[in-house]
Amino acid sequence: MLVQFYNVSKIYSNGVKALDDVSLKIERGEFLFLMGPSGAGKSTLIKLFFREEAPTRGQIFIASRSIVRMKRSEVPRLRRNIGIVFQDFKLLENKTASENIAFAMEVVGANPKEISQRVAEVIEMVGLKGKENSFPGELSGGEQQRVGIARALANRPLLLIADEPTGNLDIDTSREIMELLFDINRKGTTVIMATHARELVKAARKRVILLDKGRVIADNPNGESIV
Amino acid sequence: MRLRNVVYFWREAWKSLRRNKVLTIASVSTVSICILILGMAVLMTANAGNVMKKLESDVEMVAFLDRALTRSQISQIEEQISRLDGVKSVKFVSRDTALARLEKSYGNKEYDLKSTLGKNPLPHSFEVKAKNPHDVPRIASKVGKIEGVYKVNYGQGVVERLFAVTKWVRAISLAFIVLLSLGAIFLIATTIRLAIYARRKEIYLMKLVGATDWFIRWPFFIEGILLGTLGALFSILLLAGAYSSLVSNMGSVYFIPLVTGGPILNQLYIALLAAGAVLGVVGTYISLNRFLDV
């Protein structure tokens, strides 16, 4: 079991109840969609995984370790095992594609030889060969998201979390990004993807968790009844 | 810390300084101005301290002796005074020496006081110096109680006021320096915050991929040290030039004893250089922490 949430609630300091008694389990190697209207608590749930937020109540285990009682100094180790892909890519504009990917490894202190080897590997994996030295401004949206995914994969995470990765992309490009994520999942990485894109979810026939007003209102193994 | 990381930290710091040229110049100027003002305050304080010390060290007491004392009684009194706690030196001034001094203070030998008065009116006396000038009133009262001492004089009243003044001058200059340092820290922190703000996305990403706080901090600290030291260097050059020309133009004219000792000034300049580096680091620390809270 890779992830376990037990009765997790999150109330922000301004009184907003973002999550209400959420329990869920995620197996190693799963591919999981997180759906729900805006404000349902998807973003909060995602932030709990890599401890950008801590829950108000409840317990969370990742790889059998509680991340609720985790000390601040232990958080970096947790995050090195989690890759994050953003809707707006969050690439550094003054770095090339490969520098953006290398950045994720440099700042955790990897050695230069290992970095150049791994960067070439993930560039190949996401299909960006030939674009290594392009700056984000010179790449299409889909290509930029591929750089984002490559960066998330650089440190060989157990878990890849994608927060509406296709939110800024057209439908054809979205399908390509989905294929890439399935491919990554097939190679063994657990993938969690928050999305609004019903047609992508419908076509995928993967597990779907539906959130509304901070509660899990459905958890379906192949998404049938939900979309 | 691994050498690879150290190299990385310096490279990042250098890149950032070059990339944000305008902010670099702004930060260095801010530090320069702060250290310049701080340096002037410290120099003024040092000189005020010098004057105070000079004034204080002039404080001594004179113990006048009864007239009919034998030599052995006199040396007994000397013995008793020098055994008092805090006494630095005791010097015997005979009535003849005292008269000669008095005549000399009138400028020349034309006033033969002895023959004018018919006799020497002055008593024997001891000039007593204290290790700490502040102890003079306390010691004086003890000396006054010794048998055979007729009267003790140390500028009663004036000395107490002098000490009150020196105490206030020191306290105020210290407060002034502390306030200036705080002001400098906040100015520098604000300038550096701009530089960090421009890189908040980078810091956020570093946090999310699992960089430790210290890994993120180091390049910024090095940047802060470089900015602080460079700024301090400029202001010290300016300050040293201005002060040495001040000393050479004024030193001989005024009675104020300016601080001119090379070693003291060099220590001061080194301290200011260190202050620049420290201000840079503290300013960076203050600005950086809230961006690390991810």
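Protein chains in written order, with our numbering: chain G, 251 to 477; chain A, 120 to 413. Glycine included, every Cβ here is placed at the ideal spot set by N, Cα and C. Note that the coordinates shown come from a computational prediction; the quantities given were computed from them, not determined experimentally.
Those residues which DSSP pairs with residue i across a bridge
i                 : result
Ser244 of chain A : A:Phe183, A:Val212
Thr440 of chain G : G:Leu409
Phe255 of chain G : G:Leu274, G:Ile310
Leu282 of chain G : G:Ile442, G:Arg457
Val216 of chain G : Within the shown structure, residues of chain G are numbered from 251 to 477, placing residue 216 of chain G beyond reach of any answer.
Phe261 of chain G : Note that residue 261 of chain G corresponds to Ile in the displayed sequence, not to Phe. G:Lys267, per the DSSP bridge assignment.
Ala249 of chain A : A:Val206
Val268 of chain A : A:Leu184
N-terminal and C-terminal residue of the beta strand (DSSP E) that residue i is part of
i                 : result
Gly274 of chain A : Careful: Gly274 of chain A lies outside any beta strand (DSSP E) and carries neither H nor E.
Gln215 of chain G : Shown here, chain G extends from 251 to 477; a query on residue 215 of chain G therefore has no answer.
Ser288 of chain G : Note, Ser288 of chain G: premise wrong, no beta strand (DSSP E); not H, not E.
Ser273 of chain G : 267 to 276
Ala468 of chain G : 465 to 470
Arg319 of chain G : Element bounds for Arg319 of chain G: n/a, residue is neither H nor E.
Arg457 of chain G : 457 to 462
Top-ranked residue by Cα proximity to residue i, from the options
i                 : options                                : result
Phe385 of chain G : G:Glu429, G:Gly286, G:Asn350           : G:Asn350
Phe282 of chain A : A:Asn368, A:Val206, A:Val247, A:Val170 : A:Val170
Gly398 of chain G : G:Ser263, G:Ala347, G:Pro326, G:Lys321 : G:Ala347
Gly308 of chain G : G:Glu388, G:Ser390, G:Arg465, G:Val272 : G:Val272
Ile411 of chain G : G:Ala360, G:Leu282, G:Ser259, G:Met375 : G:Leu282
Met251 of chain G : G:Arg315, G:Ser259, G:Leu450, G:Gly291 : G:Arg315
Ala472 of chain G : G:Ala454, G:Asp462, G:Arg465           : At residue 472 of chain G the sequence reads Asn, which differs from the Ala that was named. The shortest C-alpha separation from Asn472 of chain G is found at G:Ala454.
Thr143 of chain A : A:Asn408, A:Leu346, A:Ala393           : A:Leu346
Gly263 of chain A : A:Gln199, A:Val366, A:Ala396, A:Leu306 : A:Gln199
Arg319 of chain A : A:Leu174, A:Asn408, A:Met163           : A:Asn408
Gly399 of chain A : A:Glu266, A:Arg202, A:Ala351, A:Gly360 : A:Ala351
Ile296 of chain A : A:Arg137, A:Asn139, A:Val147, A:Ala160 : A:Ala160
Ser208 of chain A : A:Leu365, A:Pro252, A:Asn368           : A:Pro252
Glu449 of chain G : G:Phe299, G:Val466, G:Arg425, G:Val376 : G:Arg425
Leu411 of chain A : A:Glu321, A:Ser367, A:Leu384, A:Thr348 : A:Glu321
Gln416 of chain A : A:Asp177, A:Phe211, A:Ala165           : Residue 416 of chain A cannot be examined here, being either before or after the span of chain A that is shown, 120 to 413.
Leu127 of chain A : G:Ser390, G:Arg457, G:Val357           : As written in the sequence, residue 127 of chain A is Tyr, which differs from the Leu given in the question. Checking every option, the nearest Cα to that of Tyr127 of chain A belongs to G:Val357.
Asp270 of chain G : G:Val258, G:Arg278, G:Glu277           : G:Val258
Leu236 of chain A : A:Pro256, A:Lys248, A:Leu218           : A:Leu218
Ala404 of chain G : G:Gly333, G:Lys345, G:Arg319           : G:Gly333
Ala290 of chain A : A:Leu174, A:Ala165, A:Ile196, A:Tyr269 : A:Ala165
Ser300 of chain A : A:Glu179, A:Gly402, A:Gln195           : A:Gly402
Gly438 of chain G : G:Gly377, G:Pro407, G:Asp413           : G:Pro407
Ile383 of chain A : A:Ser292, A:Gln195, A:Ser201, A:Ala359 : A:Ala359
Residue i: first and last residue of the uninterrupted alpha helix (DSSP H) it sits in
i                 : result
Gln192 of chain A : 190 to 201
Arg330 of chain G : 325 to 330
Phe353 of chain A : 332 to 369
Val161 of chain A : 140 to 176
Ala317 of chain A : Where Ala317 of chain A is concerned, there is no enclosing alpha helix (DSSP H), given that its DSSP letter is neither H nor E.
Leu450 of chain G : 448 to 454
Leu260 of chain A : According to the sequence as given, residue 260 of chain A is Ser; it is not Leu. 255 to 263 is the extent of the alpha helix (DSSP H) around Ser260 of chain A.
Residue i CB to nearest heavy atom of the ligand ATP below 8 angstroms
i                 : result
Gly237 of chain A : What this structure holds is no ligand at all, so the ligand ATP is not there to describe.
Query raised in the report: Does the region 419 to 434 of chain G come close enough to the region 264 to 272 of chain G to have 3 or more Cβ pairs within less than 8 angstroms?
Result: no
**Report entry** Whole beta strand (DSSP E) elements within the region 354 to 433 of chain G, 3-residue minimum
**Finding:** 409 to 413
Report task. Closer than 7 angstroms, Cβ to Cβ, to anything on chain D: give me those residues from the region 305 to 326 of chain A, in chain order. Result -> Absent from the structure is chain D; the protein chains it does hold are G and A.
Requested in this report: Flag this pair as touching only if the region 314 to 330 of chain G and the region 322 to 332 of chain A have three or more C-beta atom pairs under 8 angstroms; answer yes or no.
Outcome: yes
Query raised in the report: Should the region 285 to 301 of chain G be called in touch with the region 437 to 449 of chain G, which here means at least 3 C-beta pairs below 8 angstroms?
Result: yes
Query raised in the report: Do the region 274 to 281 of chain A and the region 139 to 158 of chain A make contact, defined as three or more Cβ pairs closer than 8 angstroms?
Result: no
Query - Inter-stretch contact at 8 angstroms, needing at least 3 Cβ pairs: the region 238 to 248 of chain A / the region 174 to 190 of chain A - result: yes
Query raised in the report: For the region 214 to 224 of chain A against the region 188 to 196 of chain A, are there 3 or more C-beta pairs whose distance is under 8 angstroms?
Result: no
Requested in this report: Answer yes if the region 335 to 345 of chain A comes into contact with the region 120 to 137 of chain A, meaning at least three C-beta pairs across the two stretches below 8 angstroms, and no otherwise.
Outcome: yes
Report task. Evaluate the contact criterion for the region 357 to 368 of chain G versus the region 386 to 396 of chain G: three or more CB pairs, one atom per stretch, below 8 angstroms. Result -> no
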